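In the numbering used here, the protein residues as written are 351 to 736.
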């Protein structure tokens, strides 16, 4: 049996795998499974429909329910077009910072969780520890739900989950939910001098984007300033758009993703219905000009929000581990809401600051990794208590 790697050594290895969400993560999953296997820990996989990506989970300790889940994701966002001073897929330490894609979001936590899993197995624990490393978090948290479902058939159900997104080891007990639609506007091409005889997919798509802008303005105007979220209202967003073939032809195609980040009092389903209603209205106008014109609107993600739990077990445990008395809510989504929806007590707590995530020269403070090792050591001690 090889000597266990330190959290820093594990981080170096994990970052070396360029697990951008558009690409496979199997080399990383293979390595983690081999590493855990070399320490006598069995792993399970949940593949996506293509077989080119997988989530991984493992259980150590007694085969009883009521354990603790340490959950992170394996994928990272692209580095395309970003000005990096170093190789994004090599951890470089400089001025107390560990630079590299994913060091903050969220391979720093993954490294700590893998280290803790091996240590729990080596030392022995009275309460089980489970490791979860998901796929496709960055494209809508689509990997966690099937992983959680598969876990029910292979490992005893844990009672709580700690999702290690960047919070600088503070406690996040609430976050917005979110829905997204993959949209394809199908127009009808004519010369732009007689545009009224055709349907421009881009111009029609722009109407939906303008509607989204107006929704944001209306939501902001009626927002409750006492709402703790930043911003304190539901927001709609389009980040990329493609379409058209020439400046003087009405566009045949236009594609983009429209998403909504929903405050808890406005459920995902409510906003999904509003978006679909506006799509139906626009499509009717398109068809009135050319019956062939239409809009394909496919759900891309539906991520439940995380709701603060009165006397929540996950929050109580993390308070013991951190000594933290405060809590916070955030506007970004995580897999915590998905664990909570599946019956786990859930909380978000991990190393790093979300402001560093997705940035060029992304970094994690060395001190944050050290705090994480102490956090995990305290967790191991608690798991050994009988």
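Note that the Cβ used here is the ideal one computed from N, Cα and C, for glycine as well. Just so you know, these numbers come straight off a predicted model, no measurement behind them.
Which listed residue (the options) has its alpha carbon closest to that of residue i
i, options, result
"residue 715", "702, 671, 723", "702"
"residue 400", "375, 412, 568, 414", "375"
"residue 352", "368, 378, 387, 367", "387"
"residue 627", "562, 596, 575, 675", "562"
"residue 661", "689, 523, 671", "523"
"residue 546", "599, 382, 615, 736", "599"
"residue 553", "604, 509, 365, 588", "604"
"residue 392", "736, 594, 482, 549", "482"
"residue 602", "548, 575, 630", "548"
"residue 666", "619, 509, 369", "509"
"residue 557", "402, 608, 722", "608"
"residue 494", "467, 685, 550", "685"
"residue 390", "452, 736, 408, 642", "408"
"residue 570", "592, 423, 612", "612"
"residue 732", "466, 692, 679", "466"
"residue 496", "713, 519, 691, 623", "691"
"residue 578", "592, 382, 658", "658"
"residue 363", "405, 423, 457", "457"
"residue 453", "422, 473, 499, 576", "422"
"residue 412", "394, 471, 396", "471"
"residue 727", "417, 361, 582, 468", "468"
"residue 629", "539, 436, 533, 490", "533"
"residue 625", "538, 429, 555", "555"
"residue 617", "653, 551, 698, 695", "653"
"residue 678", "521, 381, 410, 593", "521"
"residue 484", "632, 621, 519, 689", "689"
Bounding residues of the beta strand (DSSP E) (the contiguous stretch that carries residue i)
i, result
"residue 528", "527-536"
"residue 590", "585-593"
"residue 651", "644-653"
"residue 381", "No beta strand (DSSP E) contains residue 381, which is instead part of the alpha helix (DSSP H) from 376-388."
"residue 605", "603-612"
"residue 443", "442-444"
"residue 678", "678-680"
"residue 540", "Run containing residue 540: none; DSSP gives neither H nor E here."
"residue 696", "695-698"
Whole-angstrom C-beta distance between residue j and residue i, which should lie under 8 Å
i, j, result
"residue 648", "residue 531", "7 Å"
"residue 414", "residue 535", "Residue 414 to residue 535, Cβ: 53 Å. No contact."
"residue 431", "residue 365", "Rounded, the Cβ-Cβ distance is 20 Å, inconsistent with contact."
"residue 676", "residue 526", "Incorrect: roughly 19 Å between the Cβ atoms, too far for contact."
"residue 529", "residue 488", "Not really, about 16 Å apart at Cβ, beyond 8 Å."
"residue 406", "residue 379", "5 Å"
"residue 455", "residue 707", "4 Å"
"residue 582", "residue 574", "6 Å"
Extent of the continuous alpha helix (DSSP H) to which residue i belongs
i, result
"residue 720", "716-734"
"residue 480", "Note, residue 480: premise wrong, no alpha helix (DSSP H); beta strand (DSSP E) at 479-484."
"residue 365", "357-365"
"residue 688", "686-691"
"residue 439", "It is not in any alpha helix (DSSP H) - residue 439 carries neither H nor E in the DSSP assignment."
"residue 761", "This structure leaves residue 761 out entirely; the chain is present only between 351 and 736."
"residue 504", "494-504"
"residue 637", "618-639"
"residue 672", "663-672"
heavy atom of the ligand COA below 6 Å from residue i C-beta
i, result
"residue 583", "As for the ligand COA, it is missing from this structure, which has no ligand bound."
DSSP bridge partner residues for residue i (one or two, in chain order)
i, result
"residue 447", "444, 715"
"residue 408", "393, 481"
"residue 421", "482, 513"
"residue 599", "541"
"residue 524", "679"
"residue 426", "370"
"residue 656", "525"
Check your understanding: Can you find at least 3 beta carbon pairs, one from the stretch 632-640 and one from the stretch 693-709, that sit closer than 8 Å?
Key -> no
Check your understanding: Taking one C-beta from the stretch 666-678 and one from the stretch 470-490 each time, how about it: are there three or more such pairs within less than 8 Å?
Key -> no
Exercise for review: Could you tell me whether the stretch 357-364 touches the stretch 460-476, where touching means 3 or more Cβ pairs closer than 8 Å?
Suggested key: yes
Exercise for review: For the stretch 509-516 and the stretch 579-587, state whether three or more C-beta atom pairs, one from each stretch, are separated by less than 8 Å.
Suggested key: no
**Study point:** the stretch 429-446 touching the stretch 490-508, judged by at least three CB pairs closer than 8 Å
**Key:** no
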